[in-house]
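Structure first, commentary second.
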Amino acid sequence: MDFSTIKNKMEAKDGSGYKNVREICADVRLIFKNAMKYNDERNDVHVVAKTLLAKFEEKWLLLLPKVDEELDVIDKRLEQMRETVVQKCTFALTPCL
Numbered sequence: 001m002d003f004s005t006i007k008n009k010m011e012a013k014d015g016s017g018y019k020n021v022r023e024i025c026a027d028v029r030l031i032f033k034n035a036m037k038y039n040d041e042r043n044d045v046h047v048v049a050k051t052l053l054a055k056f057e058e059k060w061l062l063l064l065p066k067v068d069e070e071l072d073v074i075d076k077r078l079e080q081m082r083e084t085v086v087q088k089c090t091f092a093l094t095p096c097l
């Protein structure tokens, strides 16, 4: 995983991209964790990756409430749409007297 792959998946218009922001978050974490895993603790790459992961987690915690709020709005809208579809289907299937 690398940042160009993340960028490409974010910009994908063919349905192959990320489904939600949590998938992006997981891939960002994977980049930093791989950098730490494959580089010795004293290596600059490991040290910088560890620092950036900590900073990312700090910023993610600030963003998370906003993400949850947006997901709640989407969930409510989907529920409204589902209820509308059920009502229309029920109406279409009800015989006229």
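The UniProt record's numbering puts the first residue of the sequence shown at 1, with every later residue one more than the last. Note that CB positions come from ideal geometry on N, CA and C, so glycine has one too. Keep in mind that this is a model prediction, so the values were computed, not measured.
- Take Phe3, set aside five residues on each side of it, and no residue of its chain has a beta-carbon closer than 6 Å to its own.
- Under the Cβ criterion (8 Å, minimum of three pairs), the segment 71-78 does not count as touching the segment 39-54.
- By the neighbour-count criterion, in which 16 or more other beta carbons inside 10 Å mark a residue as buried, Ala26 falls on the exposed side.
- DSSP places Ala12 outside both helix and strand once states are collapsed to three, so it counts as coil.
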